[in-house]
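As you go down the protein sequences, you meet chains A and B in turn.
Just so you know, our numbering puts 77 at position 77 of the first sequence, and the rest follows in order with no gaps.
Just so you know, our numbering puts 224 at position 111 of the second sequence, and the rest follows in order with no gaps.
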Amino acid sequence: GNSVTQMEGPVTLSEEAFLTINCTYTATGYPSLFWYVQYPGEGLQLLLKATKADDKGSNKGFEATYRKETTSFHLEKGSVQVSDSAVYFCALSGSDSNYQLIWGAGTKLIIKP
Amino acid sequence: DAGITQSPRYKITETGRQVTLMCHQTWSHSYMFWYRQDLGHGLRLIYYSAAADITDKGEVPDGYVVSRSKTENFPLTLESATRSQTSVYFCASSESWVAGSYNEQFFGPGTRLTVL
Chain A
1 GNSVTQMEGP
11 VTLSEEAFLT
21 INCTYTATGY
31 PSLFWYVQYP
41 GEGLQLLLKA
51 TKADDKGSNK
61 GFEATYRKET
71 TSFHLEKGSV
81 QVSDSAVYFC
91 ALSGSDSNYQ
101 LIWGAGTKLI
111 IKP
Chain B
114 DAGITQSPRY
124 KITETGRQVT
134 LMCHQTWSHS
144 YMFWYRQDLG
154 HGLRLIYYSA
164 AADITDKGEV
174 PDGYVVSRSK
184 TENFPLTLES
194 ATRSQTSVYF
204 CASSESWVAG
214 SYNEQFFGPG
224 TRLTVL
């Protein structure tokens, strides 16, 4: 079946550091891939998406590229800020998902000033 | 206010009691979802609804009941609460759903439920 695996957290970085959060997936066909972000005390919100191989999603300085050959969708940001502290979820929507988004376990990111 | 709201935001109850969590959206989205969020499990789908009066089970439906008599409301009821149902519950909605395509889900702020 479909699945998403994220790197375990928490990830702790200093402000202005480079960020990578790894996400790999298992799915049949060509799923759509998403990153959602959850700020403290809030619900999840879509950060970026990619719907086909080699697509690059980007938003708020974050980027992720849909890599079919490595079944990955790693999240990157060149210079993180304290306000980026949150939990980040990778998810996929497969052709056989039957209304479900398949979620990774989430990665907590802590940015220190 | 436009958007998706949940109530209550926090709830403490006792084992065996019935609890209803409310979800309301103002967008007239067809699809609505209930998730629970637990450490180490990410989000798990409890129930979803494709339209008023159409609901179906997700990954972890046992112990929960839903209804959807109106498009904008999707209440979740724990018929007899258990400690294992202590969790954060999120409601979400989506305008449409096409398998394999982009289907953004919009989330409410969550309800933190504690069952003693």
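By construction, the Cβ of each residue, glycine as well, lies at the ideal position given by its N, Cα and C atoms.
Out of B:Y177, B:T195 and B:F220, the CA that lies nearest to the CA of B:P188 is found in B:Y177. By the CB criterion at 9 Å, A:S14 and A:K112 fall inside the cutoff.
DSSP, reduced to helix, strand and coil, places A:S83 within a helical segment of the structure shown. Excluding residues up to 5 positions away in sequence, L47 and L48 lie with their Cβ nearer than 7 Å to the Cβ of A:N59 in the same chain. Residue environment for A:T107: buried (at least 16 other C-beta atoms within 10 angstroms of its C-beta). One thing to note: A:Y66 has its Cβ within 9 Å of the Cβ of A:K52. Interface criterion not met: the Cβ of A:W35 is under 9 Å from no Cβ in chain B.
At least one CB atom of chain B sits nearer than 9 Å to the CB of A:S93. DSSP, reduced to helix, strand and coil, places B:R196 within a helical segment of the structure shown. Taking 9 Å as the cut-off, the Cβ atoms of B:I159 and B:W140 do not count as close. For B:F203, the pairing in a beta bridge is given by DSSP as B:Y148. Boundaries of the beta strand (DSSP E) around A:T65: F62 to T65.
Non-local C-beta neighbours of B:I117 in its own chain, meaning closer than 8 Å and more than five positions away in sequence, comprise C136, H137, Q138, T139, W140, C204, A205, S206, F219, F220 and G221, ordered along the chain. Contact check for B:E208 against B:S143 passes: the beta carbons are separated by less than 9 Å.
Sequence-distant partners of A:E63 (beyond 5 residues in either direction) whose C-beta falls short of 8 Å from its own C-beta, in its chain, are L48, K56, G57, L75, E76 and K77. The beta-carbon of B:A205 is placed less than 9 Å from the nearest beta-carbon of chain A. Counted as a single uninterrupted DSSP element, the stretch harbouring A:T70 is not any beta strand (DSSP E), since DSSP gives it neither H nor E. B:Y123 and B:L134 have their C-alpha atoms roughly 10 Å apart.
The beta carbons of B:L226 and B:T195 sit about 11 Å from each other, so the pair does not count as a contact at 8 Å. Pairing A:E69 with A:W35, the inter-Cα distance amounts to about 19 Å.
Look at A:F89: its C-beta is under 9 Å from a C-beta on chain B. Annotation: B:R130 is outside any beta strand (DSSP E) and is labelled neither H nor E by DSSP. Per DSSP, the beta-bridge partners of B:H137 are B:T118 and B:N186.
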